[in-house]
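A.B. asks: The structure's right below; bear with me while I get my questions together.
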Amino acid sequence: MSYAELMSHAEHIRRNATEATLATVEGRVEYRPAIERMFADVPDAFRSLAQLPDPARFDPMLAELTGVLQGLGGQDPVSGVTMPANPELERIAGAALALARWTGPAASGFRSAFLEPFPALVRNQFIVAAVLRAALAAQREIWVRARDDADQIAEKTLDAIDATADCTRNEWTITFTVMASVAALLVVPLSGGAALAVSAAGAAAQVVAAGGPAEAARTPFSGDDAVEVVERMHDAITLLHGHIRDQRAKVDAALRATHDLVVGHRRLFVADGGGWSSFSGALGYVH
Amino acid sequence: MGLIADRLDSLRVHASVMDGGICGELQGRTTVRITVAPWVVVNDRGLERHFESLARLLWAARMRAYFAAVSEAFGERVTREPVPVGSRDVAYRTARDGIVARGSSRDGRVVVEVLGMRQWRVAVRGAADTALGSAAQEAAEALIRDQIRQVRGLKRTIWHPVCR
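Top line first, the protein sequences correspond to chains A and B. Read left to right, the first sequence gives residues 539 to 825 (our numbering). Read left to right, the second sequence gives residues 4 to 167 (our numbering).
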């Protein structure tokens, strides 16, 4: 089976549950309409799961943010991957030497507002870009695993309906892998701040530090009859929606916290506006 | 068709008693083959006990095959029936375990009865001969059909109120 066929599986579940139940009335046609109504909502239950975002849609955005990280250079605090330093940015350090004999208010403003904090600003921008990239990767992972889990629910429901032709009760387990898609929040200290740090949530498979990923949740279900199996299918779908919400909430929390930090401490990420004004004024004076 | 349905439809388990003198085979969901070797000569009571043993062995083998199919389909080892949860499940289990299924051969020579697929009773009229095997398998197949019919009725009562 595959996720692409989820609605087709849903239709099979509806049909097989109907036939399994009809078998208990020896196929008497007068019961067919009532039995068909009992399972008519099965495709609807899967419809929202069949429209989960396509993980591939995240790839261009991830590539774009990888480009940003490569432009800034540094070690990704989430994945641990080191991006080589950007030689263009490294040349800024050389500017201090070149301007060593430049004095006056403009020189002081330029040095204090731009040259000196420059490495810290670059480092902090890198961290924020890494947090954004991790959030995207985590979102991608959520949808990859949620699709697998939805497929698993359909597959095991079909098998369980098959088994109800027997008189033995059956138990099956759904492993909600989406529960392990997002790693625990990471705290990444910023440079130049008073013990400030951003929060990050990453795709579990890529996170190298912090609390590590949550365990996949293994939930047992059991049933004797097609009606009961389909009831458990609805339970599993409800659980999956809840698990997806929980994982997305982790990513949202990390992004909100990071957004608030960037907005509240803008000077940790971009050069001070006052310094730039002094510098601009100074340029006028020089000319 | 799903994996479990496929496995149960193609299921084939064997058992024998009396050192192979009486052999039984379950095929698929309802077909039974029983052969009685020409050299098997015992009094009726002895035959009945041997057929009961054969039924127990065949059913145990069939349930092992069933759990193997379920294990394969669900991707985890299953060796026993899980405990019921909820009032309907308990009601089903209690009623199912109390089902008495019966079957007899067309000539009435062999009658088989089982309580909850656990306690078997076989009654045989007449001495062992080569036709006894086919009479026994007719009785066994009738019993399986009766068990299925009663289980379906029970499921209808408990889970399908619209069909009562």
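Where a beta carbon is used, it is the ideal one built from N, C-alpha and C, also for glycine.
1. Go through its chain and collect everything with a Cβ distance to residue 170(B)'s Cβ below 6 Å, but skip five positions before and after it.
2. For the segment 81-112 of chain B, which residues have a beta carbon sitting closer than 9 Å to at least one beta carbon of chain A?
3. So, with DSSP's three-state summary, where would you put residue 822(A)?
4. To the nearest angstrom, how far is it from the Cα of residue 820(A) to the Cα of residue 635(A)?
5. How many angstroms separate the CA atom of residue 157(B) from the CA atom of residue 51(B)?
6. Quick one: residues in its chain with C-beta nearer than 7 Å to the C-beta of residue 608(A), no 5 flanking neighbours on either side, listed in chain order?
7. Any contact between the segment 682-698 of chain A and the segment 579-594 of chain A? By contact I mean 3 or more CB pairs, one from each, below 8 Å.
8. Taking Cβ positions, are residue 740(A) and residue 667(A) nearer each other than 8 Å?
9. What is the DSSP secondary structure of residue 816(A), reduced to helix, strand or coil?
10. Which residue comes first and which comes last in the beta strand (DSSP E) that contains residue 711(A)?
11. Tell me the DSSP secondary structure of residue 102(B) in three-state form.
12. Hey, residue 637(A) and residue 660(A): beta-carbon distance below 8 Å or not?
13. Can you list, in chain order, the residues of the segment 770-786 of chain A whose Cβ is nearer than 7 Å to any Cβ on chain B?
14. Could you tell me which of 806(A), 776(A), 800(A) and 766(A) sits nearest to residue 90(B), measuring between CA atoms?
15. Taking 8 Å as the threshold (beta carbon to beta carbon), is residue 16(B) in contact with chain A?
16. Between the segment 696-707 of chain A and the segment 77-90 of chain B, do three or more beta carbon pairs fall short of 8 Å?
17. Only counting the same chain, and skipping five residues up and downstream in sequence, which positions put a Cβ closer than 6 Å to that of residue 24(B)?
18. Using DSSP's beta-bridge definition, name the partner residues of residue 759(A).
19. Check whether the Cβ of residue 147(B) lies closer than 8 Å to any Cβ atom in chain A.
20. Is there a Cβ of chain A sitting closer than 8 Å to that of residue 36(B), yes or no?
21. In this structure, does DSSP put residue 738(A) in helix, strand or coil?
22. Closer than 8 Å, Cβ to Cβ, to anything on chain A: give me those residues from the segment 56-77 of chain B, in chain order.
23. In terms of alpha-carbon separation, which member of 784(A), 633(A), 788(A) and 580(A) lies closest to residue 769(A)?
24. Under a Cβ-count criterion, where at least 16 other Cβ atoms within 10 Å of its own Cβ denotes burial, should residue 647(A) be classed as buried or exposed?
25. So what's residue 803(A) in DSSP terms, helix, strand or just coil?
26. Just to confirm my understanding: we take residue 773(A), look at its own chain, exclude 5 residues before and 5 after, and list those with CB closer than 8 Å. What are they?
27. Below 8 Å between beta carbons: does that hold for residue 651(A) and residue 754(A)?
28. Can you tell me whether residue 645(A) sits near the ligand FMN, meaning its C-beta is under 7 Å from at least one heavy atom of the ligand?
29. Can you give me the start and stop residues for the beta strand (DSSP E) that residue 123(B) sits inside?
30. Who are the near neighbours of residue 73(B) in its chain, counting only those whose CB is closer than 7 Å to its CB and skipping five residues on each side?
31. Taking Cβ-Cβ distances shorter than 8 Å, what residues in chain B pair up with residue 696(A)?
32. How about residue 116(B): is its C-beta nearer than 8 Å to some C-beta of chain A?
33. Spatial neighbours of residue 56(B) within its chain, please: C-beta separation below 7 Å, excluding the five flanking residues on both sides.
34. Please list, in chain order, the chain B residues whose beta carbon lies closer than 7 Å to that of residue 708(A).
35. Closest Cβ-Cβ distance between residue 8(B) and chain A: below 8 Å?
36. Using DSSP bridges, identify the partner residues of residue 23(B).
C.D. replies: Let's see:
1. Not covered by the structure: residue 170(B). The range shown for chain B is 4 to 167.
2. 81, 84, 85, 86, 87, 88, 89, 91, 92, 95, 96, 99 and 102
3. For the purposes of this step, residue 822(A) is taken as residue 284 along the first sequence, with counting starting at 1. With a pLDDT of 41 at residue 822(A), under the threshold of 50, the modelled position of this residue cannot be trusted, and the question is left open.
4. For the purposes of this step, residue 820(A) is taken as residue 282 along the first sequence, with counting starting at 1. For the purposes of this step, residue 635(A) is taken as residue 97 along the first sequence, with counting starting at 1. Because residue 820(A) carries a pLDDT of 46, less than 50, the predicted location of this residue cannot be relied on, and no value is offered for it.
5. Position 154 of the second sequence, counting from 1, holds the residue named residue 157(B). Position 48 of the second sequence, counting from 1, holds the residue named residue 51(B). The alpha-carbon atoms of residue 157(B) and residue 51(B) are separated by roughly 30 Å.
6. Walking along the first sequence from the start, residue 608(A) turns up at place 70. If we look at residue 608(A) and ignore the five residues flanking it on each side, its Cβ neighbours are 621.
7. yes
8. The residue given as residue 740(A) occupies position 202 in the first sequence. The residue given as residue 667(A) occupies position 129 in the first sequence. Not closer than 8 Å, so no.
9. As a working mapping, residue 816(A) is identified with position 278 in the first sequence. Note that residue 816(A) has pLDDT 49, beneath the 50 cutoff, so the model's placement of it is unreliable and no number is given.
10. In the first sequence, residue 711(A) corresponds to position 173, counting from 1. Run containing residue 711(A): 708-714, per the beta strand (DSSP E) assignment.
11. If you number the second sequence from 1, residue 102(B) lands on position 99. Three-state result, residue 102(B): coil.
12. For the purposes of this step, residue 637(A) is taken as residue 99 along the first sequence, with counting starting at 1. For the purposes of this step, residue 660(A) is taken as residue 122 along the first sequence, with counting starting at 1. Cβ atoms of residue 637(A) and residue 660(A): not closer than 8 Å.
13. If the cut-off is 7 Å between Cβ atoms, the segment 770-786 of chain A has nothing near chain B.
14. In the second sequence, the residue the question calls residue 90(B) occupies position 87. Closest option to residue 90(B), Cα to Cα, is 766(A).
15. The count along the second sequence starts at 1 and reaches residue 16(B) at position 13. For residue 16(B), the answer is no, since every Cβ of chain A falls outside 8 Å of its Cβ.
16. yes
17. Residue numbering aside, residue 24(B) sits at position 21 when the second sequence is read from its first letter. Result list for residue 24(B): 40 and 43, in chain order.
18. For the purposes of this step, residue 759(A) is identified with residue 221 of the first sequence, where counting begins at 1. Answer is 710(A), bridged to residue 759(A).
19. Locating residue 147(B) in the second sequence gives position 144, counting from the first residue. Judged by the 8 Å Cβ criterion, residue 147(B) is not in contact with chain A.
20. Within the second sequence, the letter at position 33 stands for residue 36(B). So, not an interface residue.
21. Start at 1 with the first residue of the first sequence, and residue 738(A) comes out as number 200. Three-state result, residue 738(A): strand.
22. Residues passing the 8 Å Cβ filter: 66, 69, 73, 76 and 77.
23. The residue labelled residue 769(A) in the question sits at position 231 within the first sequence. Checking every option, the nearest Cα to that of residue 769(A) belongs to 580(A).
24. On the first sequence, position 109 is the one that residue 647(A) refers to. That one is buried.
25. If you number the first sequence from 1, residue 803(A) lands on position 265. In the structure shown, residue 803(A) sits in coil (DSSP, three-state: anything other than H, G, I, E or B).
26. On the first sequence, residue 773(A) is found 235 positions in, with the first residue counted as 1. Answer for residue 773(A): 759, listed in chain order.
27. Counting from one through the first sequence, the residue named residue 651(A) turns up at place 113. Counting from one through the first sequence, the residue named residue 754(A) turns up at place 216. Their beta carbons are not under 8 Å apart, which means residue 651(A) does not touch residue 754(A) by this criterion.
28. Inclusion of the ligand FMN in the displayed structure is not the case, the ligand content being empty and no account of it being possible.
29. Walking along the second sequence from the start, residue 123(B) turns up at place 120. From DSSP, the beta strand (DSSP E) with residue 123(B) extends over 122-127.
30. In the second sequence, counting from the first residue as 1, residue 73(B) sits at position 70. Result list for residue 73(B): 7 and 81, in chain order.
31. Here residue 696(A) corresponds to residue number 158 of the first sequence, with the count starting at 1. Simply 5.
32. Taking the second sequence and counting its residues from 1, one reaches residue 116(B) at position 113. It does not: the Cβ of residue 116(B) has no partner Cβ on chain A nearer than 8 Å.
33. Position 53 of the second sequence, counting from 1, holds the residue named residue 56(B). The answer, listed in chain order, is 20.
34. As a first step, residue 708(A) must be located in the first sequence, where it is residue number 170. Here the neighbours are 73.
35. Here residue 8(B) refers to the residue found at position 5 of the second sequence. Chain A contact via Cβ: present.
36. The count along the second sequence starts at 1 and reaches residue 23(B) at position 20. Its beta-bridge partners do not exist; DSSP assigns none.
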